[in-house]
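Report on the following structure.
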Amino acid sequence: MCAAVIGPLTQPHAIIAGLPIDGQLRIVGRSTVLSARAGLELGRQLRPAQPGHPWPEEISETSLNRFSKDKGPVHLTLVEALVVEVAADVA
Numbered sequence: 001m002c003a004a005v006i007g008p009l010t011q012p013h014a015i016i017a018g019l020p021i022d023g024q025l026r027i028v029g030r031s032t033v034l035s036a037r038a039g040l041e042l043g044r045q046l047r048p049a050q051p052g053h054p055w056p057e058e059i060s061e062t063s064l065n066r067f068s069k070d071k072g073p074v075h076l077t078l079v080e081a082l083v084v085e086v087a088a089d090v091a
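The numbering of the sequence shown is the working numbering, which starts it at 1 and goes up by one.
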């Protein structure tokens, strides 16, 4: 599920993915940078989050990438959860 994005709601730069684990929606990863076209297409499907969204609006970079040397905060644009299809390369 996509429950947040990085960047503006209308043209996000990346998807923040979540899964329900033990009854809570948990952050499990992020996409690579979206192309401009993919960002626009996704933006048309997104809706702002309603009050009570379970995620914070800011997280540390290491929450998304434990190997990142950047320790700065990442601002999330919270959205209503949307089912997304993910293709992953495990290499």
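Beta carbons are placed, not taken as given, at the ideal position from N, Cα and C, and that holds for glycine. All values derive from a computational prediction rather than experimental measurement.
- In the three-state reduction of the DSSP assignment, residue 47 falls in the coil class.
- Contact between residue 47 and residue 80 holds: CB atoms are separated by about 4 Å, below the 8 Å threshold.
- Going by DSSP, residue 32 is part of no beta strand (DSSP E) at all; its letter is neither H nor E.
- Its chain contains 43, 77 as the residues whose beta carbon lies nearer than 8 Å to that of residue 8, once the 5 sequence neighbours on both sides are disregarded; these appear in chain order.
- Rounded to the nearest angstrom, the Cβ distance from residue 17 to residue 30 is 7 Å, consistent with a contact under 8 Å.
- Short of 7 Å from the beta carbon of residue 13, and not among the five residues preceding or following it, lie these beta carbons of its own chain, in chain order: 6, 7, 33, 34, 39.
- DSSP places residue 39 within a helical segment (H, G or I) once states are collapsed to three.
- Here the C-alpha atom of residue 62 lies approximately 19 Å from the C-alpha atom of residue 2.
- Taking 8 Å as the cut-off, the Cβ atoms of residue 59 and residue 74 count as close.
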